[in-house]
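Colleague: Anchor point for the sequence shown: position 97 equals 98 in our numbering, and the numbering is continuous, going up by one each time. Here a beta-carbon is modelled for each residue, glycine too, at the ideal position from N, C-alpha and C. Remember, predicted model here, so these are calculated numbers, not experimental data. Before I ask anything, let me first share the structure, which is written out below as structure tokens.
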Amino acid sequence: MADVDKLVKRCQNSTIKMRPVLPLGQPISIGAVGYLEDHAFRYLGTCETMLGLPPGQPLKGQGQPQFELVSGKDVHYSTHAEGQTSEAFGVIANANGAVEISFDSDESFLIAARDVSVSTMENPISLLQRMLDRFSVNAWKEEYCVVYEIGLAETYTSVISQQSGSKLLLSADGSAGKGGLSLGQLAVGSRFEQQKGALDRLIAAHQVPAFFNAYKVRDRFFTGATTETAASLGRHSSTDDIRRILGSTESPFERV
């Protein structure tokens, strides 16, 4: 079974600094509300439908032209030029060539993204008072989180192994025979052909939310005194008022 903990931690500690969207290909946007279950985002609604507040106009962050993350030497590949046969699949490569990827472990994974644009919620703390207010009437739970950052990939490939010895055959985009390209660069521009074994996969998807960050309220804010104070705040209280009245000199949120 895939080591999703390792995948998420590696992704969060990488240059992308976000977690991968799981399940693969799930629609997600800034302001989405849900909770995490075994690292899968379980959608409940939006900050507008659940809190009555819009997420606001997102800020554009620094994107990445190329991102690649591989579990390790347990993932390896070979390329096949036109006319060559993949022994594992018994398929002859077409004019663009083919890429055959092997996953030796049931904990192997590969993520590759091209042209990732990043968008971030400008002012998440503006939601805090409404979260605590909803909590006081049992309409919000401690584990709920709000998506505040999204990494949208122009092209995205992600493969998570569920079985040792799984294999994947991709039809390349013509670059397979050029040499000097990494596995991620080959995989992100290829098309799915066949697989053997159990793999969760999303191959060369376009304009897909591939990564995200979410905030949940720190546990100490879910106390009777704090939620009562939050309920007394006006609907249009400023961010400065919310920070001052709730005593949130530090961030009231923690990244999940």
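With distances taken between CB atoms, is the gap from L1 to Q195 smaller than 9 Å?
Modeller: Since the first and last residues shown for the chain are 2 and 257, residue 1 lies out of range.
Colleague: Alpha carbon to alpha carbon, how far is E150 from V117?
Modeller: Within the sequence shown, numbered from 1, the residue matching residue 150 stands at position 149. Within the sequence shown, numbered from 1, the residue matching residue 117 stands at position 116. Cα-Cα distance, rounded: 12 Å.
Colleague: D241: which of P125, Q67, G190 and A173 sits nearest, CA to CA?
Modeller: For the purposes of this step, residue 241 is taken as residue 240 along the sequence shown, with counting starting at 1. Checked all of P125, Q67, G190 and A173; the closest Cα to D241 is P125.
Colleague: With DSSP run on the structure shown, which of helix, strand or coil describes V9?
Modeller: If you number the sequence shown from 1, residue 9 lands on position 8. In the structure shown, V9 sits in a helix (DSSP, three-state: H, G or I).
Colleague: Check A173 in the structure and name its three-state DSSP category.
Modeller: If you number the sequence shown from 1, residue 173 lands on position 172. Three-state DSSP puts A173 in coil, outside helix and strand.
Colleague: So F212 and M19 are supposed to be a Cβ contact under 8 Å. How far apart are they, rounded?
Modeller: Position 211 of the sequence shown, counting from 1, holds the residue named residue 212. Position 18 of the sequence shown, counting from 1, holds the residue named residue 19. About 4 Å; that satisfies the 8 Å criterion.
Colleague: Can you grab the Cα-Cα spacing for the pair H77 / F42, in whole Å?
Modeller: Taking the sequence shown and counting its residues from 1, the one referred to as residue 77 is at position 76. Taking the sequence shown and counting its residues from 1, the one referred to as residue 42 is at position 41. Approximately 29 Å, taken between the alpha carbons.
Colleague: Touch check for the stretch 123-137 and the stretch 3-14: three-plus C-beta pairs under 8 Å?
Modeller: no
Colleague: For the beta strand (DSSP E) containing E49, list its first residue and its last residue.
Modeller: Mapped onto the sequence shown, residue 49 falls at position 48. Not the beta strand (DSSP E): E49 falls in the alpha helix (DSSP H), residues C48 to L52.
Colleague: Which of the three DSSP states is assigned to V22 in this structure?
Modeller: As a position in the sequence shown, residue 22 is number 21, starting the count at 1. In this structure, V22 counts as coil in the three-state DSSP scheme.
Colleague: Please state the DSSP three-state secondary structure of F90.
Modeller: Against the sequence shown, residue 90 aligns to sequence position 89. DSSP places F90 in coil when its eight states are reduced to three.
Colleague: Which word fits Q208, buried or exposed, when buried means at least 16 other C-beta atoms lie within 10 angstroms of its C-beta?
Modeller: Within the sequence shown, numbered from 1, the residue matching residue 208 stands at position 207. Classification for Q208: exposed.
Colleague: Could you give the residue range of the alpha helix (DSSP H) that holds A188?
Modeller: Looking up residue 188 in the sequence shown gives position 187. Where A188 is concerned, the enclosing alpha helix (DSSP H) stretches over L184 to V189.
Colleague: Identify, in the order they occur along the chain, each residue of the same chain with its Cβ nearer than 8 Å to the Cβ of T156, setting aside the five sequence neighbours on each side.
Modeller: The residue given as residue 156 occupies position 155 in the sequence shown. Within the same chain, T156 has close Cβ partners A114, R115, D116, V189, G190, A205, A206 and H207.
Colleague: Rounded to a whole number of angstroms, what is the C-alpha to C-alpha distance between Y216 and C146?
Modeller: The residue given as residue 216 occupies position 215 in the sequence shown. The residue given as residue 146 occupies position 145 in the sequence shown. Approximately 5 Å, taken between the alpha carbons.
Colleague: Work out the CA separation of L182 and I17 for me, nearest whole Å.
Modeller: Mapped onto the sequence shown, residue 17 falls at position 16. Mapped onto the sequence shown, residue 182 falls at position 181. Going from the Cα of I17 to the Cα of L182 covers about 20 Å.
Colleague: Going by beta carbon distance, what residues of the same chain come within less than 7 Å of Q63, once the five residues before and after it are set aside?
Modeller: Taking the sequence shown and counting its residues from 1, the one referred to as residue 63 is at position 62. Excluding residues within five positions, the ones whose Cβ falls inside 7 Å are V119.
Colleague: Return the Cβ separation of S167 and K197 in integer angstroms, given the expectation that the two are a contact with Cβ distance under 8 Å.
Modeller: In the sequence shown, residue 167 corresponds to position 166, counting from 1. In the sequence shown, residue 197 corresponds to position 196, counting from 1. The C-beta separation of S167 from K197 comes to about 6 Å, placing the pair in contact by the 8 Å criterion.
Colleague: Nearest by alpha-carbon distance to V34: which of S15, M132 and Q163 is it?
Modeller: For the purposes of this step, residue 34 is identified with residue 33 of the sequence shown, where counting begins at 1. Considering only alpha carbons, the answer is M132.
Colleague: Between the alpha carbons of S137 and P56, how many angstroms are there, rounded?
Modeller: What you label residue 137 is simply residue 136 of the sequence shown in a count that begins at 1. What you label residue 56 is simply residue 55 of the sequence shown in a count that begins at 1. Taking the straight line from one Cα to the other gives about 22 Å.
Colleague: Going by CA-CA distance only, name the one from F193, A94, N139 and I31 that's closest to F223.
Modeller: Position 222 of the sequence shown, counting from 1, holds the residue named residue 223. Answer by Cα proximity: N139.
Colleague: Can you tell me whether DSSP reads S72 as helix, strand or coil?
Modeller: Against the sequence shown, residue 72 aligns to sequence position 71. DSSP places S72 in coil when its eight states are reduced to three.
Colleague: Taking only runs of the beta strand (DSSP E) that begin and end inside the stretch 101-150, which ones reach a length of at least 3 residues, in chain order?
Modeller: If only complete runs of 3 or more residues are kept, the stretch 101-150 shows the beta strand (DSSP E) at 110-121, in order along the chain.
Colleague: What is the DSSP secondary structure of F212, counted as helix, strand or coil?
Modeller: Stepping through the sequence shown from its first residue, residue 212 is reached at position 211. Residue state, collapsed to three classes: strand.
Colleague: F104: which of D4, G84 and R245 sits nearest, CA to CA?
Modeller: Here residue 104 refers to the residue found at position 103 when the sequence shown is read from its first residue. Selected option, being the one with the closest Cα: D4.
Colleague: Ends of the beta strand (DSSP E) at Q63?
Modeller: Indexing the sequence shown from 1 puts residue 63 at position 62. First-last for Q63: undefined, no H or E at that position.
Colleague: Starting from the C-beta of S79, find all residues in its chain whose C-beta is less than 6 Å away, skip the five residues before and the five after it, and write them out in chain order.
Modeller: Within the sequence shown, the letter at position 78 stands for residue 79. E101, listed in sequence order.
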